[in-house]
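K.L.:
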Amino acid sequence: MTDNLEDAWYVLHTKSRFENVVHEGLLKKSLDVFLPKIKVQSKRRDRRLMINVPLFPGYLFVRTDLNPRRHLEIVKTVGAVRLIGTKDGPVPVPDGTVASLEIMVSTELPVTTGSRLQKGDRVVVVTGPFAGVTGTFVRYRGKRRVVVNIEALGQYAGVEVDENDVEPLPKILA
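So the sequence shown is residues 11 to 184, counted in this note's numbering.
1) Could you tell me the distance, in whole angstroms, from the CA atom of N159 to the CA atom of R58?
2) Based on the DSSP secondary-structure assignment, which residues constitute the bridge partners of G217?
3) For the region 104-135, list the beta strand (DSSP E) runs that are entirely contained and at least 3 residues long, ordered along the chain.
4) Would you list the residues sitting across from T42 in a DSSP beta bridge?
5) Should G68 go down as buried or exposed, given a rule of 16 or more other Cβ atoms within 10 Å for buried?
6) Roughly how many angstroms separate the alpha carbons of V108 and L163, rounded to a whole number?
7) With respect to 8 angstroms, is the separation between the Cβ of Y166 and the closest non-hydrogen atom of the ligand PLP below this value?
8) Got a sec, what are the start and stop residues for the alpha helix (DSSP H) L82 sits in?
9) By DSSP, does L36 sit in helix, in strand, or in coil?
10) Three-state secondary structure (DSSP) at E16?
11) Among V31, P104 and I61, which one has its Cα closest to the Cα of V88?
12) Find the nearest neighbour of S26 within the set Y166, Q165, V176 and V136, judged by alpha-carbon distance.
13) Which partner residues does E170 have in the DSSP bridge list?
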């Protein structure tokens, strides 16, 4: 097995709310890891705090040559789900994209993520019985409920979930 492959950035999907665990696990394996975080006001009703949260919940970036041994080492990290890609394998993210994100989060200026969903947006269910499932946002249904189409066996099934259980997939991942 040769290790002469070039290093590139890849997007790693994590279990919901496991971004920090995976980040620490990959750092312990001496990997170059980037978990972009932004400051937001907490949603707790009893107090208002500014907290650091992942810019892309459920995702982080890892830079590697992605040889088979390294690929296995990455996905076996506690909380890691899979490297994002196609049926042919993980797809690298352009260096410029990661560099731009690094600059953006280093400024500590307010970042608007545009969390409002639009029809056709790719989403991932992060909590609840459908956690980890990706789909396409269809519409809002009443207060705090959304309808998501999930593809299975070439057909679509619409599921209704709590709005807080769904997060948009970053455009570079969708």
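Beta carbons are placed, not taken as given, at the ideal position from N, Cα and C, and that holds for glycine.
The structure displayed is predicted, hence computed values, not measured ones.
P.N.:
Looking at the atomic coordinates:
1) Within the sequence shown, residue 159 is the residue found at index 149, counting from 1. Within the sequence shown, residue 58 is the residue found at index 48, counting from 1. Distance between the alpha carbons of N159 and R58 is about 35 angstroms.
2) Shown here, the chain extends from 11 to 184; a query on residue 217 therefore has no answer.
3) 132-135
4) Working through the sequence shown from its first residue, we reach residue 42 at position 32. In the sequence as presented, Thr is not what sits at residue 42; that position holds Asp. Bridge partners of D42: R73.
5) On the sequence shown, position 58 is the one that residue 68 refers to. It is buried - the Cβ of G68 has at least 16 other Cβ atoms within 10 Å.
6) Walking along the sequence shown from the start, residue 108 turns up at place 98. Walking along the sequence shown from the start, residue 163 turns up at place 153. Rounded to the nearest angstrom, the two C-alpha atoms are 34 angstroms apart.
7) Ligands are entirely absent from the displayed structure, and the ligand PLP is therefore not among its contents.
8) The sequence position of residue 82 within the sequence shown is 72, counting from 1. From DSSP, the alpha helix (DSSP H) with L82 extends over P78 to V85.
9) Residue numbering aside, residue 36 sits at position 26 when the sequence shown is read from its first letter. Helix, per DSSP.
10) One-based indexing of the sequence shown puts residue 16 at position 6. Of the three classes helix, strand and coil, the one that applies to E16 here is coil, per DSSP.
11) By 1-based counting over the sequence shown, the position of residue 88 is 78. Sorting V31, P104 and I61 by C-alpha distance to the C-alpha of V88 places V31 at the top.
12) Start at 1 with the first residue of the sequence shown, and residue 26 comes out as number 16. For S26, the nearest C-alpha among the options comes from V136.
13) Looking up residue 170 in the sequence shown gives position 160. DSSP, once it has assigned bridges, lists V157 as partnering E170.
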